[in-house]
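Below is one structure; the comments refer to it alone.
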Amino acid sequence: MNIAKESIAGTLESNDLLVKVSPSLDASLEVHVISEVMYQFGAQIEATVHDELDRLGVKSGVVIIEDKGALDCTIRARVEAAILRSSGAEIDWSRLS
Amino acid sequence: MTKKLRRSMLFLPGANAAMLSTAFVFRPDSIMFDLEDAVSLREKDTARLLVFHTLRLPMYSDIEKVVRINPLSTPFGQADLEAAVRGGADVIRLPKTDCAEDVHELEAAVEAIERSCGRSVGSTQLMAAIESASGVVNAVAIAKASPRLIGIALAGFDYVMDMQTERGDGTELFYARCAVLHAARAAGIDAFDVVYGNVNDDEGFLKEVDLIKRLGFNGKSLINPRQIELLHRAYAPTEEDVDHAHRVIAAAEDAERRGLGVIALNGKMIDAPVIAHAERVLQRAAASGVSV
Chain A
299 MNIAKESIAG TLESNDLLVK VSPSLDASLE VHVISEVMYQ FGAQIEATVH DELDRLGVKS
359 GVVIIEDKGA LDCTIRARVE AAILRSSGAE IDWSRLS
Chain R
717 MTKKLRRSML FLPGANAAML STAFVFRPDS IMFDLEDAVS LREKDTARLL VFHTLRLPMY
777 SDIEKVVRIN PLSTPFGQAD LEAAVRGGAD VIRLPKTDCA EDVHELEAAV EAIERSCGRS
837 VGSTQLMAAI ESASGVVNAV AIAKASPRLI GIALAGFDYV MDMQTERGDG TELFYARCAV
897 LHAARAAGID AFDVVYGNVN DDEGFLKEVD LIKRLGFNGK SLINPRQIEL LHRAYAPTEE
957 DVDHAHRVIA AAEDAERRGL GVIALNGKMI DAPVIAHAER VLQRAAASGV SV
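Chains A and R, in that order, are what the protein sequence lines are. Its first residue numbered 299, the first sequence is counted upward by one per residue in this note's numbering. Its first residue numbered 717, the second sequence is counted upward by one per residue in this note's numbering.
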């Protein structure tokens, strides 16, 4: 799945996160995480985002996460939504199940 | 096997990450993740994904999980159903059910997804929300439309709009409540009452709960966690009810041992419906924390 255009998903409310994605200029994949719980969970949040990007087959793009203490399941949902909005693709449910 | 107790069904907006992440602490009998009216058109896609992942949270594993999908006639219904069935929802709530064919259509769509994702066919249960005059008139056919149905619910707002009236003291819902309730009982499934919208009016809420409990509803849809405890307390049997239920069960067990058919307790006949009622009283008592 490709990040074809800028797109966002989520909110900046507690227990949520805002995911912004945009195409990469040099075909690299960059993930930037800002979190209120960076010290305790920053590495875990980043790992979850990378895992989700792998699952969706995203090879390049810029992904910026502003986390407000979201659970793992919320992170996965918001990343998927942002990528799907960006790519314009339909969900392949068998890939998520 | 003990029948599932469904006094409280708490609505949660599917797009609200904070509520989805924390609502399990309120311990309603069922939680209903809403993908329909509580979600704006532009957030339908993200709400669907949030609910799909939330359904798998271990914290919700011991609470019945219901998902209200958009009608299958909308561009959102089929995708909602994919998310709900694949995510592991226990029950799919179909809104705006007007006839038995609506349930048949849902049943076929659910079965196709179950086969596709390897979920056991028949493991996804259904409930139908009746929200129109047509739905009320067809309530019996709807209630009997599928063995997957665990209940039917009356949805008050759309119904009173369809009837060209508005919510008042309950008179406007009287026929619909009775029709839905009778249909549910004739089909052997549960019946759920409408939401009570004014969350600051505990007195009005409890008055309505008293009415629907006496009519025979299993429970009520709720929009605020504060209403759960009020509802559960109102549905809790008294200690006298519990004591009597124990004596009924003991008398029935004694009769069984002695091979007697019809028995009496304090001069009143004890038969199967009385025993079933006593068992329901003890189940509600246990769930409400009343000493049994």
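Don't be surprised by glycine CBs; every beta carbon is placed ideally from N, CA and C.
Chain A residues whose Cβ lies nearer than 9 Å to that of residue i
i	result
R831(R)	Under the 9 Å cutoff, chain A gives no residues; its nearest Cβ is about 12 Å from R831(R).
R802(R)	W391, S392, L394, S395
Buried or exposed by the 16-neighbour rule on C-beta atoms within 10 Å, applied to residue i
i	result
D365(A)	buried
A380(A)	buried
S392(A)	exposed
E759(R)	buried
Y951(R)	buried
M735(R)	buried
N982(R)	exposed
R831(R)	exposed
A824(R)	exposed
A799(R)	buried
P791(R)	exposed
P774(R)	exposed
V335(A)	exposed
S326(A)	exposed
Test item: CB-CB of residue i and residue j under 7 Å
i	j	result
D906(R)	G867(R)	yes
S358(A)	I343(A)	no
V958(R)	V1006(R)	yes
L865(R)	D796(R)	no
R784(R)	R809(R)	yes
R722(R)	G872(R)	no
S320(A)	V360(A)	yes
E827(R)	V837(R)	yes
L757(R)	A805(R)	no
L947(R)	S724(R)	yes
V896(R)	A855(R)	yes
L726(R)	A375(A)	no
F749(R)	Y776(R)	no
L394(A)	S737(R)	no
Closer than 7 Å to chain R by CB, residue i
i	result
E334(A)	no
E307(A)	In the sequence as displayed, the identity of residue 307(A) is Ala instead of Glu. A307(A) counts as touching chain R.
E344(A)	no
V302(A)	One detail in the question is off: residue 302(A) reads as Ala in this sequence, not Val. Output row for A302(A): interface = no.
E350(A)	no
E378(A)	yes
F375(A)	First, the residue type needs correcting, since residue 375(A) is Ala and not Phe in the sequence shown. Answer yes: the Cβ-Cβ gap between A375(A) and chain R drops below 7 Å somewhere.
Integer Cβ distance of residue i from residue j, believed to fall under 8 Å
i	j	result
V755(R)	A731(R)	5 Å
A966(R)	V997(R)	With 8 Å as the limit, A966(R) and V997(R) do not qualify as a contact, their Cβ atoms being about 14 Å apart.
A844(R)	I858(R)	5 Å
L382(A)	D753(R)	Not really, about 23 Å apart at Cβ, beyond 8 Å.
G886(R)	E924(R)	7 Å
Interface residues of chain A facing residue i [CB-CB closer than 7 Å]
i	result
S737(R)	N313, L369, T372
E798(R)	W391
T770(R)	C371
Closer than 7 Å to chain A by CB, residue i
i	result
L765(R)	yes
A734(R)	yes
D761(R)	yes
L773(R)	yes
Partner residues on chain B for residue i, Cβ-Cβ distance less than 7 Å
i	result
H962(R)	In the displayed structure, chain B is absent; the protein chains listed are A and R.
Contact set between residue i and chain A, taken where Cβ atoms lie within less than 8 Å
i	result
A667(R)	Outside the shown range of chain R, which is 717 to 1008, sits residue 667(R), and nothing can be said about it.
Chain R residues whose Cβ lies nearer than 8 Å to that of residue i
i	result
L316(A)	Those do not exist, as L316(A) stays about 11 Å from chain R at its closest Cβ, beyond 8 Å.
L323(A)	Residues of chain R passing the Cβ test: none, with the nearest at roughly 27 Å.
Contacts of residue i in chain R (Cβ-Cβ under 9 Å)
i	result
L354(A)	The contacting residues do not exist; L354(A) stays about 12 Å from chain R at best.
Per-residue contacts from residue i into chain R (C-beta, under 7 Å)
i	result
L310(A)	Here the premise fails: no neighbours, minimum Cβ distance about 11 Å.
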